[in-house]
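Trainee: Could you have a look at this structure, given as structure tokens, before my questions?
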Amino acid sequence: MSILELKATTIKFGGLVAVNEVSFELNKGDLFGLIGPNGAGKTTCFNIITGVYKPTSGEILFNGNSITGTPSNKIAKLGICRTFQNIRLFKALSVLENVVVGGFLRHHTGLFSALAYLPPSIHETEHLRNEAMELLKVVNLDQVAHVRSAELSYGMQRRLEIARAMATRPELLLLDEPAAGMNPLEKDELLKMVKKIRDEHGMTVLLIEHDMRFVMTLCERIVVLDHGEEIAQGPPSAIRNDPKVIAAYLGEAV
Amino acid sequence: MKFWIVRLLSVFGAILGCVGIQAVANTQNDYTQRLIILAGLYVTLAVSLNLINGITGQFSIGHAAFYQVGAYLSGFLSVRFFQSAHLPPLVWLVAMVLAGAAAAAVAGFVVGLPSLRLRGDYLAIVTLGFGEIIRIQVQNTPALGGSYGLNVEPKIQSVAFVWLLAILCIAVCRNLLKTAHGLPFLAVREDEVASSAMGVNVTRIKVSAFILGSAFAGGAGALLASYEGFITPATFAMDVSFIILTMVVLGGTGSITGSVISAMFLSYLPEYLRGLKASTGGPLTLSGGTVIGWMIAVVFAVAAIRWVYSDGAKSKAQRLGWLVGALISGVVVQAIVGWGLNHIGKLQDAKVEVGQLRMVIFAMTLIVLMLLRPQGVFAHHEFSWHWVAKLLKKKKGATA
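Just so you know, the protein sequences line up as chains C and H, in that order. Throughout the first sequence, residue numbering follows the working numbering, covering 3 to 256 in sequence. Throughout the second sequence, residue numbering follows the working numbering, covering 11 to 410 in sequence.
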């Protein structure tokens, strides 16, 4: 059953067509890759899916329902959460607090209960903090839970972004270049982690990545974009040998 | 069970504390009583602005407007309805605080709406404009006394209620930050796009912050009106907004402790300066040369301190030596420049009362602070018993 479906999605910024009639479909439990050269429109695709931009035309279905034009925070509540290419952590907050913000959308108590410091909201806070701590163990950051997130190393910040997104308990997790800036050792760990997120936490993963080895080993299906157009789609083995993809990355054969 | 006992005790303690402040104030003269009341009102104003400005990150510089809305609404209601209401004065006062808070909350909601689309400087301009609109509108409304001001009957003076509101405001902000509900507010300050992607309803958070913050300012306004018995639009001029903002920034944006302490300090400082007496008994005056000398000395000292801390290689003793040196040379520079200007430039006869210099001293304090500690005195730290215990332990460890 398809969890996410893009139907001929187009977005134009003035005269620039950033994404042109892109269509693809994700099934539940997929590890799906979205690749393409710089400026191909990959992150724009993410922004359309998560409601940052409204597409000029086309439709996006999540679990069969249209989410076109739904605001970001509602989309997060429906079950799509993302990380950012240029890391966007809440820098002044601690590592744990960052993850609690992610889990906060499941809160039940009202603002008044918090302002009066009543037991329901105290218990809820405790509960959310415990949940966040569990997630930090998954991404191996529990040792630094009380450090300000701005003080973490680059690789750790990327992992924290994943934990924060996972805290919203999404059905679909979007990772925007999760391995960027990581060393080979960290990349291997991330590879295992993303697999684990899919297998043990049952999330469907859509990721953008530039590291070809990373994408080819991890993803089961890949879509390739170039200049906003979809040029290929299929399993890694087919993508690797697709002449259009090779041309897009290396230039035309002479 | 234990929770409720602690809760009951702390509420009881807060009320007792306020009654205590009232008791102390009753033994003082009118002037000191007024200082105690103003300090309480400014604490409320600074802490509530800190909720909007420091915690939620919405740069608002029109806080005096909410203060004014609360003051005028309660003043107007008092004049019209107190006689016919037949309520005891203190009950009436509570009702007025609630009414002022409600009116200011509505105003806060209205101002909160543009903040959904505007950020930073642009929002600041809107809030500034809003503040001026309210003030000038009141100035031109005869029913509210216009620019002559409004006589508020009856005058109900209660130090205890002023401080009760201040403590309530502090408690509400602290509770917010203690529970998970405070985190989305901080998250909106840090990054709106990311908060929204995490499911935070940014609109709702911003508007809540404006409503809450302005409600407390409105309550403070109602208390001011009933204390003073007379309010004019000039009481809520733009510089009041700026003084409140200064309190928040000086204490450390986001720190409740910082706002409380700097509100008390900055509301007392001008009065202290005004009260300084020369040995002859008149107000203390300085000659123009001396004032300029001091300003140059402060700049000199700041530069020296910055230079000392710019190099990490120096040892503690060396740093201390340099700092003492900087301070001494600052005083020396002041003496020489002051003497020189007084004698060469004939500035000796240009006498200035220290009380009139308070705005200069305000400005200098802020400049020095921004250079030496841009994050504010308390930065993001908060007072806690845990912290006191840790400090005491450290002291014990040092002496043992």
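The beta carbon of each residue, even a glycine, is placed where N, CA and C say it ideally should be.
Would you say the segment 198-212 of chain H touches the segment 50-57 of chain H, given that touching needs at least three Cβ pairs under 8 Å?
Mentor: no
Trainee: Taking Gln-235 of chain C as part of the beta strand (DSSP E), name the residues at either end of that continuous run.
Mentor: Reading the first sequence from its first residue, position 233 is the one you call residue 235 of chain C. It spans 231-236 - the beta strand (DSSP E) in which Gln-235 of chain C sits, taken as one unbroken run.
Trainee: Using a Cβ cut-off of 7 Å, pull out every chain H residue sitting near Ser-268 of chain C, in sequence order please.
Mentor: Examination of residue 268 of chain C is not possible in this model, given that chain C is present from 3 through 256 alone.
Trainee: Please confirm if the segment 87-103 of chain H is in contact with the segment 205-219 of chain H, defined as three or more CB-CB distances below 8 Å between the two stretches.
Mentor: no
Trainee: Just reading off the beta strand (DSSP E) that Leu-174 of chain C is part of, what are its end residues?
Mentor: Sequence index remark: in the first sequence, residue 174 of chain C carries index 172 (1-based). That run of the beta strand (DSSP E) goes 174-178.
Trainee: Label Val-34 of chain H either buried or exposed according to how many other C-beta atoms from any shown protein chain fall within 10 Å of its C-beta, with 16 as the threshold for buried.
Mentor: Position 24 of the second sequence, counted from the start, is the residue given in the question as residue 34 of chain H. Result: exposed.
Trainee: Is there a C-beta anywhere in chain H that falls below 7 Å from the one on Leu-75 of chain C?
Mentor: Counted from its first residue, the first sequence places residue 75 of chain C at position 73. In the sequence under discussion, the amino acid at residue 75 of chain C is Asn, which differs from the Leu named in the question. Answer yes: the Cβ-Cβ gap between Asn-75 of chain C and chain H drops below 7 Å somewhere.
Trainee: So, for Leu-286 of chain H: in the same chain, excluding its five sequence neighbours on each side, which residues have a beta-carbon less than 6 Å away from its beta-carbon?
Mentor: Here the question's residue 286 of chain H lines up with position 276 in the second sequence. Only Leu-294, Val-364 meet the Cβ criterion.
Trainee: What are the residues in the segment 207-218 of chain H lying within 8 Å of chain C by C-beta distance?
Mentor: Ala-207, Met-208, Gly-209, Val-210, Asn-211, Val-212, Ser-218
Trainee: Whose CA, out of C:Ile-69, C:Leu-18, C:Leu-33, C:Val-19, lies closest to the CA of Lys-9 of chain C?
Mentor: Stepping through the first sequence from its first residue, residue 9 of chain C is reached at position 7. Distance check between Lys-9 of chain C and each of C:Ile-69, C:Leu-18, C:Leu-33, C:Val-19 places C:Ile-69 closest, using alpha-carbon atoms only.
Trainee: Quick one: is Trp-173 of chain H buried, meaning 16 or more other Cβ sit within 10 Å of its Cβ, or exposed?
Mentor: Locating residue 173 of chain H in the second sequence gives position 163, where the first residue counts as 1. That one is buried.
Trainee: Relative to the C-alpha of Asp-201 of chain C, which residue among C:Lys-30, C:Asp-228, C:Arg-161, C:Ser-25 is closest?
Mentor: Within the first sequence, the letter at position 199 stands for residue 201 of chain C. Comparing Cα-Cα distances from Asp-201 of chain C to each of C:Lys-30, C:Asp-228, C:Arg-161, C:Ser-25, the minimum goes to C:Lys-30.
Trainee: Does Val-140 of chain C have its Cβ less than 7 Å from a Cβ in chain H?
Mentor: Within the first sequence, residue 140 of chain C is the residue found at index 138, counting from 1. False, the Cβ-Cβ gap to chain H never drops below 7 Å.
Trainee: Which runs of the alpha helix (DSSP H) spanning at least 4 residues fall entirely within the segment 159-221 of chain C, listed in chain order?
Mentor: For secondary structure counted as the alpha helix (DSSP H) over 4 or more consecutive residues, the segment 159-221 of chain C holds these complete runs in sequence order: 186-203, 214-220.
Trainee: Applying the criterion that 16 or more other CB atoms from any shown protein chain within 10 Å of the CB defines a buried residue, is Ile-143 of chain H buried or exposed?
Mentor: The residue given as residue 143 of chain H occupies position 133 in the second sequence. Classification of Ile-143 of chain H: exposed, given that the 10 Å Cβ count is below 16.
Trainee: Reducing DSSP to helix, strand and coil, say where Glu-163 of chain H ends up.
Mentor: As a working mapping, residue 163 of chain H is identified with position 153 in the second sequence. Looking at Glu-163 of chain H - three-state DSSP - the assignment turns out to be coil, as it is neither helix nor strand.
Trainee: Give me whichever residues DSSP pairs with Gly-35 of chain C in a beta bridge.
Mentor: Residue 35 of chain C sits at position 33 when you count from the first residue of the first sequence. C:Leu-209, C:Ile-224, per the DSSP bridge assignment.
Trainee: How would you call Lys-44 of chain C, buried or exposed, if buried means at least 16 neighbouring beta carbons within 10 angstroms?
Mentor: Here residue 44 of chain C is taken as the residue at index 42 of the first sequence, counted from 1. Buried.
Trainee: Residue range of the alpha helix (DSSP H) that Thr-42 of chain H falls in?
Mentor: Numbered from 1 along the second sequence, position 32 holds the residue referred to as residue 42 of chain H. Its alpha helix (DSSP H) spans residues 40-60.
Trainee: Taking the alpha carbon of Arg-166 of chain C as the reference point, which residue from C:Arg-223, C:Glu-99, C:Lys-194, C:Glu-153 has its own alpha carbon closest?
Mentor: Within the first sequence, numbered from 1, the residue matching residue 166 of chain C stands at position 164. Cα-wise, what sits closest to Arg-166 of chain C is C:Glu-99.
Trainee: With 7 Å as the threshold, decide whether the Cβ of Arg-90 of chain C is near any Cβ in chain H.
Mentor: In the first sequence, residue 90 of chain C corresponds to position 88, counting from 1. It does: the Cβ of Arg-90 of chain C has a partner Cβ on chain H nearer than 7 Å.
Trainee: What are the start and end residues of the beta strand (DSSP E) that includes Arg-84 of chain C?
Mentor: To locate residue 84 of chain C, count along the first sequence from 1; it is residue 82. Note, Arg-84 of chain C: beta strand (DSSP E), 82-84.
Trainee: What's the call for Ala-410 of chain H, buried or exposed, on a 16-neighbour Cβ count within 10 Å?
Mentor: For this step, residue 410 of chain H is matched to residue 400 along the second sequence. For Ala-410 of chain H, the predicted structure reports a pLDDT of 49, less than 50, and the residue's modelled location is therefore unreliable. The matter cannot be settled from this model.
Trainee: Whose Cβ in chain H lies nearer than 8 Å to the Cβ of Phe-64 of chain C?
Mentor: The residue labelled residue 64 of chain C in the question sits at position 62 within the first sequence. Going along chain H, no residue has its Cβ under 8 Å from Phe-64 of chain C, so there is no contact; the nearest lies around 14 Å.
Trainee: So Ser-236 of chain H and Met-106 of chain H are supposed to be a Cβ contact under 8 Å. How far apart are they, rounded?
Mentor: Counting from one through the second sequence, the residue named residue 236 of chain H turns up at place 226. Counting from one through the second sequence, the residue named residue 106 of chain H turns up at place 96. Indeed they touch by this definition, with Cβ atoms about 6 Å apart.
Trainee: Do the CB positions of Ile-254 of chain H and Leu-59 of chain H come within less than 7 Å of each other?
Mentor: The residue given as residue 254 of chain H occupies position 244 in the second sequence. The residue given as residue 59 of chain H occupies position 49 in the second sequence. The answer is yes: Cβ separation under 7 Å.
Trainee: Since Phe-64 of chain C and Ile-37 of chain C are thought to touch, with beta carbons under 8 Å apart, how far apart are those beta carbons, to the nearest angstrom?
Mentor: Position 62 of the first sequence, counted from the first residue, corresponds to residue 64 of chain C. Position 35 of the first sequence, counted from the first residue, corresponds to residue 37 of chain C. Going by Cβ atoms, the distance from Phe-64 of chain C to Ile-37 of chain C rounds to 22 Å, so no, they are not a contact pair.
Trainee: Which residue comes first and which comes last in the alpha helix (DSSP H) that contains Ser-297 of chain H?
Mentor: Translated into positions along the second sequence, residue 297 of chain H becomes position 287. Looking at the DSSP string, Ser-297 of chain H is not in any alpha helix (DSSP H); the run it does join, the beta strand (DSSP E), is 295-297.
Trainee: Along the chain, which unbroken stretches of the alpha helix (DSSP H) at least 4 residues long are found entirely within the segment 69-144 of chain H?
Mentor: 73-95, 99-122
Trainee: Of all Cβ atoms in chain H, is any one closer than 7 Å to the Cβ of Tyr-119 of chain C?
Mentor: Position 117 of the first sequence, counted from the first residue, corresponds to residue 119 of chain C. Yes - at least one Cβ of chain H is within 7 Å of the one on Tyr-119 of chain C.
Trainee: First and last residue of the alpha helix (DSSP H) that includes Ser-265 of chain H?
Mentor: Taking the first residue of the second sequence as position 1, residue 265 of chain H is located at position 255. No alpha helix (DSSP H) contains Ser-265 of chain H, which DSSP labels as neither H nor E.
Trainee: Touching or not, the segment 10-18 of chain C and the segment 215-225 of chain C, by the rule of three or more beta carbon pairs under 8 Å?
Mentor: no
Trainee: Give me the chain H residues within the contact set of Glu-99 of chain C, using Cβ-Cβ distance strictly less than 7 Å, ordered along the chain.
Mentor: Working through the first sequence from its first residue, we reach residue 99 of chain C at position 97. The contacting residues are Leu-193.
Trainee: Which of the three DSSP states, helix, strand or coil, is assigned to Leu-91 of chain C?
Mentor: By one-based count along the first sequence, residue 91 of chain C stands at place 89. DSSP places Leu-91 of chain C in coil when its eight states are reduced to three.
Trainee: So His-203 of chain C contacts chain H; which residues on that side make the cut at Cβ distance below 8 Å?
Mentor: By one-based count along the first sequence, residue 203 of chain C stands at place 201. In chain order: nothing, as chain H lies at least about 17 Å away.
Trainee: Going along the chain, which residues of its own chain have a beta-carbon closer than 6 Å to the beta-carbon of Ala-20 of chain C, five neighbours each way excluded?
Mentor: As a first step, residue 20 of chain C is located in the first sequence; it is residue number 18 there, counting from the start. Here the set comprises Ile-13, Gly-43, Thr-46, Gly-230.
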